[in-house]
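Below is one structure, written out as structure tokens; the observations come after it.
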Amino acid sequence: MRSKLLVFVSVLILASMVLSACQPAAATPETIVQTVVVEGEVREVVVTATPAAAQPEAKQPVLRVNLGSWPDIIDPQKSSFVNEIAHLKLIYEGLTKLDGQLNTVPGAAEKWEYNEDATELTFTLRKGLKYSDGTILNAKRFEYSILRNIDPATAGEYAAITDNIAGAVAWREADVANLSEEELQALKDGVEVKALDLNGNPCTDYEQEDCLILKVGLDGDPATPEREPAPFMHTVLSLWVTYPAKEELIAEGGDIWWTSSKYHIGNGPFIVKTLEPFVRGYFVPNPNYWAGVPTYDIEFSYITDSAVAFEAYKNNEFDIVPLVAEDLAVVQQDPVLSKEAQIYPGSCTFAFYMNQDKPPFDEKPVREAFAYGTNREAWVTDILQGLGSPTLTWIPKGFPGYDPNETRYGFDLEKAKEAIAKSSYGSFENLPPIKLTFSGTARNRTRFEWLAAQWSQNLGVKVELDPVEPTAYTALTKNRETLPQVFYLGWCADYPDPQNWLSVYWMSTSEFARRYGFANAEMDALMKKGDTTLDPQERLTYYDQAQKLLVDTAAVIFMVNNVNSYLVKPWVKGIVFTPQDAGWPGDVDPLSITIDTSMIP
Amino acid sequence: MPEILQVQGLETQFRTREGVIHAVNGVSFSLKEGETLGIVGESGCGKSVTVMSMLRLIPSPPGKVTAGKALFQGRDLLTMSDEEIRHIRGAQISMVFQDPMTSFNPVLTIGRQVSEPLEVHMGLNQKQAEDRVAEMLAKVGIPNPKDRLNNYPHQFSGGMRQRVMIAMALVCNPQILIADEPTTALDVTIQAQIVDLVKRLRDELGMAIIWITHDLGVIAGLADRMAVMYGGFIIETAPVRDLYGHPTHPYTIGLLGSLPRMDEAGSRRLVSIDGLPPVLLEKPTYCPFAPRCKYAVERCWHENPPLMQVSPDHYSACWVDTETGRERS
Amino acid sequence: MGKYLIRRLLWLIPVIIVVSGITFILMHSAPGGPWDRDTTARQVDQNTQRILNEYYGLDKPLWRQYVAYVIGDFNKQGKFVCGLVCGNLGPSYRMRGLTIQQILFMPPEGKNFLYSRFGYSMRLGVFALLFAVAIGIPAGVIAALKQNTIIDYVSLFIVTIGISVPNFVMALFLIILFASTLKWVNIVPRSWDEVSVWVLPTVILGFGTMARTARLMRGSMLEVMRMDYIRTARSKGLAERVVVLRHMIKNSLIPVVTILGPALAALVTGSFIIETMFGFPGMGRAYVTAIGQRDYSMIMGTTLIYAVLIALANLSVDIVYSFLDPRIRLD
Amino acid sequence: MTSTEVLLQVRDLVKHFPIMRGTLIQRQVGAVRAVDGVSFDVFHGETLGLVGESGCGKSTTGRAILQLYRPTSGSVIFEGVDLVGLKGEDLRKMRRRMQMIFQDPYASLNPRMTVGQIIGEPLIIHGIADRKEAQERAEELLRLVGLNPAYTNRYPHEFSGGQRQRVGVARALALQPAFIVCDEPISALDVSVQAQVVNLLEDLQAQMGLTYLFIAHDLSMVRHISNRIAVMYLGVVVELADRHELYNHPLHPYTQALLSAVPIPDPVIEARRQRIILKGDVPSPINPPSGCRFRTRCPLADTICAEQRPEFREVAPGHWVACHMV
Amino acid sequence: MATKPSVNPTPSQIADLTMMTVKPRSLWVDAWYRLIRNKAAVAGMIVIIFFLFVAIFANQLAPHNPLQTNAGKSFLPPAWMEVGPNGRPSDPAFFFGTDNLGRDVLSRTIYGARVSIVVGFLPTIVIVLVGSVVGLLAGYKGGQFDNILMRFTDVIYAFPDLLFFIIVMVTLRETFIGKLLNGLFLLFMALAIVNWVGFARVVRGQVLSLKEKEFIEAARCIGASDARIMFRHLLPNSLGPIIILSALTIPGMIITEAILGYLGLGLTPSTNPNDIFITSWGALMLDGQAAINAQPWLILPPAICVSLMVLAFTFLGDGLRDALDPRLQGTQ
């Protein structure tokens, strides 16, 4: 009896202690008494002020987004992560951009043209483009940005994305240490990116108003001496790597120029006001943006813990947060939250890779058997709580090149048994234990525990789980020597073109294919045809055939396409959702978004 | 001389896991102005507890004074308010403790600690208090007293610390000084210094002293009257010469006999008292010394002897007349 | 004292060398490197990797990298770039362009040092410590004074809970309770300038230390209460209040102070879980992230800063100790 | 009772405790000169008393003799063997011949061992007895020191201080030594119990012909039990003489002061006595005074005392003193 | 003196009589009686024994196979809730509800007890063994050995534990040690390596103070060897603090395992229901943390179990300290 009382009282005291400690929590307006001296007499003037944070630039509504994690770097030519790109997309704009249907549409360039064999691409910039500070933005700026991306001194992580520009590879891969200044300059000059004025003369400087033409020489396959067409390049150049950060500001700011809002003068819809690491990024509309001026400010926060972010969203502290699988059931159950959930396809495909260098996956029937024996639908419902869509092919739905007719290797235990019977093992029981290596994060653990249970229940194979620290996992999968037996990887589109899905990834000369030891000459030929064919429809047929071949090899078990899922407050209207959303929905067309302040409680 | 302190029937008990320990069992004595009373006994006989109980300094719990009175100038120390007794402690009755090492707060300066009673009882300001403390330190024989005010206890030697302790006790000119084994932890030469000092101060200041000790030697030259305690009782009390000259209680006799004497010519065998002092878990109904007593008779096991007069001013609690070996009537 | 300080500070040098050596070996023995990215991201291509490795000197043998980190090395232009000995903690591999000292100590534009990552962590640590001391010490004192009463038992029980419940569990529950359910505090700080947003992280981070402080204070008080000099103080007629305040507490504080220095270091360094949960811009989070990212200089830099912090905390304890306890002499 | 056969010869015994400083590399910055040149003989069957104030080095001397502290220099010749420098098995063998009784009956018995184990341990260590024999022998020894032999399975904390000290005596006797250093064996005991232990020690000496080095600060007790007495001050022996000689004719001013400070339990005598009260405290053994160690407190001190260390010389047969003024 | 003999016995007879009436009691027995009088410590012991029982008989106690996934039954609320916040009805078969794979939370929690018990004890044993021996040697032998230990602690204290754990787990994952006991063995070793120094320091301090005790001199005096002094005299007397410290080290290990589990380090998930170590409370909390909004019952059982277990050990440790530390005797 007494000990019960003890527990009760102690809980009470603990509670009251913490409560009293939390008392000053309410954000009340603070009263500041200023002492003002007026002509010799002292008066006290009472000034009521709201806390500093609550009084940002006037009455502009603010869109509050939890972006998850603070970017490592915000430099157009060095960034590579979605959260980094989300910042860049607000501040800058490229020559072209994507619209809600993933079509490439004009950005800073009002039009673009390929020459007849698609070895040269000419952009024409809009007239009168201005940076947010009112200075002129001309083609010379884009020339600088593209060259900066290729420059080996920049060593940007997406430098290789522009390899189809003629001369780019030679400069990018130059052996800097052993080349003279002159030789390097020659390599740089060999890159065919030229800003021209309307008369076709090379531009002289950044102030030149009629410098509106950008000519880009292309080479569909830099590995061969011939110039080949690259008809997808206008889409590639929509990427952030071409964003025209100002050369003089980069020079002035030095290595850390990107940490300061002072040097981030851009041509995008927003101007960055503050960048407070790990706390917030604050953006206000850019009055000089050619397409119009947004009617709201944006505030990015960086809460990594999804449970905390969800609580904050429910607390009306955020307008947009990512929705994770664990919270989905609650959201769906809640009459209000369920209406606020936005779930739509994403841009990634995930798959199990089977190491063809290691038994038993060196035998195709074994791979086939596992592909048959994996229940993708159950994976989606059980593991992802519905946040995903099962797939049997590589390019996801919504992207050019998607193959809606692919049905091979769907879940079928009978076929799995037939397949294994054809292998040298004869049955699943004879297989050696399968080691499933994965990145040992919280979510992955349960996922792979589930898969192991599935495989052992459905197929009767013994599965060993091998969680690896994430970076170590990456390192393992990057090297053919250390490549695990079975592992899980995905690919997300950089830009919506089948070339990015197939040639960049599965071409036997590509880095990815080399890592996994994947080489298929027939596929290589088809992909090359696709890359160099000018006619958009014809290209797609080659890629389609290549993709069918890929499925046929059963090199990987295609599992799911991700979905983007966010919670969006009802007063945020006009969001254009696309699979390519970077970090938050709406960055494709921020101008279409409005905030109905009357709805905000 | 009028009696300044009268203790009547004092009883103190301690609650322990093993049971209630009867530490003091009805102790009565009185102290005249300017008189020095020596209380002697082995460890655990209740001598310290008696004086601590009087000043209400025993930790409670586990200790508790269960009965008795301690009249100081006619007022009962045991029933007065906390506030009142605080005004008596340190001001009118002050104490000197056994271990000068642990009895000082190690993190406060000597000056601070010695001046504390002055601040509390005399309301002196810092300057006045400092002067008075320096004067007092000089009186107890601390060289350069002004400079040493800012020293910490550990910077003094044991003997010096005990001098400071005495200065602290006497700083408010108390009427009674209670010295609880003040020399036990000190070397012989230092002991002599301290006894000497107290003697001098007593003659100078005229306070009454209760000196608690287990060493019959130390007290012989100092005390006017003696009380011997055993098992929480006073078992013999007499003027000092009477007690040493004619001890009547077997325990007192044993104690004196177990001490070797420097001035003895030959080498006699020491008298030893067999057995151990008792731990009293209940109030004894028999003589607590009986189990160790050579003289014990049947009656000793049934009845606890009260203090009985054996000669004028000499009282003893024993059923046996140790001179004749016969039972007293 | 001066000599002692110098000697103790000099002793830091071998500690730093050994700690940096071990850290260096450990982090380089972990598979993967700074260019290995999240598996969903496009991986840095081999050529870029090569260029980056060359640029940062990661292509050199390990011992040279270590020497370059500690002492320095000549860069491409033949200029000597000084290493750790000049206080240079190296370049970040993930936040390219930034040096570690910039990441940790450089405040955002227009703010002062307190807004740097180190400044944030330090503030949180100091607040947590203040909370721990402000609650823990009085609680310990009261529990000791009321020993074996209901107050004592209750505070002991709370204290034991504080020691027992892992702080991330407590953090989650407190967030749900105070932020989500009671809505007393915001979960997401609009700004770390508001007092209210510091409350939860401070309380959660400081709770364990508070509990330990209270426990130690109680034990220490109980010990001091039995000391002879307390009896002496009472015998002088001092009021109970004075006995407690002047004689008991100062002495009882001595052992408590010895844990507070290391506790501060632990609070500043050990807050990564709390930092992650509250989206707190401190360095604990940066440290854990850096380990995951193999941002070698960042790992080294933070480790060494922690090592120095801990050593300084221990040193300051010794110094404070010598002030509190006149018996202690530093030499 | 006393023979003139020398059992133990201590010559110029020095024990300095180094004071070390340093964080990583420790170096010696000074030394506590606990024992600084002590010489005396102990005869067969006698009790030599060693007195002095605390910190004078008397316990250190006792321990240095038994090689519990390895002496810094000097020699300790016991039964013809110099113990200084003796190591390993040789030293172990000598340990059987000489034992020690400690001051604190609470700290000197391992609280986790039974009394039987404590007393039997020396026998087992020296391979004299097996477990069972050791047990039997422990019972005998308990009986010898006046305790109930049934107590062998009891633990030290179950005994009173006096009983524990008896156990300590029994342990010392287990190896049947010739020589026992008694390091203040009674100062932690109650007065009534002190006599019990002293009587026991005397009885055992008579019974077994033991030789004692009896260390104490209580001069009256030392005088009671010893045949000869050595007085130590700050690491050196200042006077050594027969006990009657020492009491009746103390030569060294320190001895005189010490004698006069010892209280006598008789108010009549006490009232008459004139004390020599020494000024101040014992100086630090880290930095002892030059010349005569006692000069800073000595009523007779002269210039020579600061300059020269007084020789320890025999001024009368068997009466040694170290003083310039004698 | 409870009895009053009518005849006059000799004093020593009385002493004997009183002594013989009580049984001999070693300090350990005394401490044990003190311990079992301490209610909190007894409660702690009961909880520990309960979990020990649960851990040993997990196979028999768990109502379900902890690895059994139940399609369509994921995130079921616990039995006492009719409908969870996610709208799913509870199933009486799953008392604590189910996790995201439809696995029984109760069964998993029961199995989790194993890891916590083992992770509490085994590293502690290693720490105690190594720490005691080193502390004993450093304290007794002193000198350079001691000096090195003390300097080493400076380095260890300044050293980042977490980095060490992560790197050890990552680098040794593929080795034999890394695979032993589903990776737990490696965790033990890592925990032990980081923690033994503090332990050694405490033992050293204890030995330093014991060394000054006279019974150690007495042992030297009777010719005991260094080894005998260390292991027969110093060790048994340092055992009290060692036991107390061990009891207080155990909860630290359990919390560390939980935190490491929470960071995704430590136990490798098992796929074989016959494995001894299938999951740990730390791993369960990690699972539950992400879903704390919707399914708080996922994190509750492991969190409460960890807290209870740690609480139990803390109470027991406190009780042991009160029972074994003689300085505190009488203050209770």
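Chains S, A, R, C and U, in that order, are what the protein sequence lines are. Those letters in the first sequence? Residues 17 to 617, per this note's numbering, in order. Those letters in the second sequence? Residues 832 to 1160, per this note's numbering, in order. Those letters in the third sequence? Residues 965 to 1295, per this note's numbering, in order. Those letters in the fourth sequence? Residues 60 to 385, per this note's numbering, in order. Those letters in the fifth sequence? Residues 628 to 959, per this note's numbering, in order. Every residue, glycine too, gets a C-beta built ideally from N, C-alpha and C.
Minimum Cβ-Cβ distance from residue i to chain C less than 7 Å
i               : result
G990 (chain A)  : yes
T881 (chain A)  : no
V1049 (chain A) : yes
Test: residue i CB closer than 7 Å to a CB of chain S
i               : result
R1058 (chain R) : yes
D914 (chain U)  : yes
A1135 (chain R) : no
F702 (chain U)  : yes
Spatial neighbours of residue i in its chain, beta-carbon cut-off 8 Å, leaving aside the 5 residues before and after
i              : result
P937 (chain A) : Y983, P984, H985
G139 (chain C) : none
S246 (chain C) : Q162, A275, H276, D277
Any chain R beta carbon closer than 7 Å to residue i
i              : result
A821 (chain U) : For the sequence presented, residue 821 (chain U) should be read as Val rather than Ala. No - not a single Cβ of chain R is within 7 Å of the one on V821 (chain U).
Alpha-carbon to alpha-carbon, residue j and residue i
i              : j               : result
L837 (chain U) : N864 (chain U)  : 8 Å
G671 (chain U) : I871 (chain U)  : 14 Å
I941 (chain A) : E1035 (chain A) : 24 Å
I284 (chain C) : V1102 (chain A) : 14 Å
Q844 (chain A) : D949 (chain U)  : 24 Å
G989 (chain A) : A237 (chain C)  : 38 Å
P900 (chain U) : A689 (chain U)  : 12 Å
Close Cβ partners of residue i (< 7 Å) along its chain, the five nearest in sequence each way excluded
i               : result
E1239 (chain R) : G1246, G1248, R1249
L359 (chain C)  : P312, M384
Residues near residue i by beta carbon distance below 6 Å, same chain, minus five either side
i               : result
Y1057 (chain R) : P998, D1259
S322 (chain S)  : V340
Cutoff 7 Å: residue i Cβ touching any chain U Cβ
i             : result
A13 (chain C) : This structure cannot speak to residue 13 (chain C), because chain C is shown only from 60 to 385.
Any chain A beta carbon closer than 7 Å to residue i
i               : result
L1205 (chain R) : Reading off the sequence, residue 1205 (chain R) comes out as Arg, not Leu. Output row for R1205 (chain R): interface = no.
P1072 (chain R) : no
Open item on the list: If contact is defined by three or more beta carbon pairs under 8 Å, each pair taking one atom from either stretch, is the region 931–939 of chain U in contact with the region 716–731 of chain U?
Closed with: no
- [ ] Return the chain-ordered ranges of every beta strand (DSSP E) run that is complete within the region 944–1020 of chain A and spans a minimum of 3 residues.
- [x] 1007–1011
Task: Stretch-stretch touch, CB-based, cutoff 8 Å, three pairs: the region 248–266 of chain C with the region 63–74 of chain C - done: no
- [ ] Kindly confirm or deny that the region 359–369 of chain S and the region 1279–1292 of chain R touch, where touching means at least three C-beta pairs closer than 8 Å.
- [x] no
Open item on the list: I'd like the ranges of any alpha helix (DSSP H) spanning at least 4 consecutive residues and lying wholly in the region 95–133 of chain S.
Closed with: 98–107
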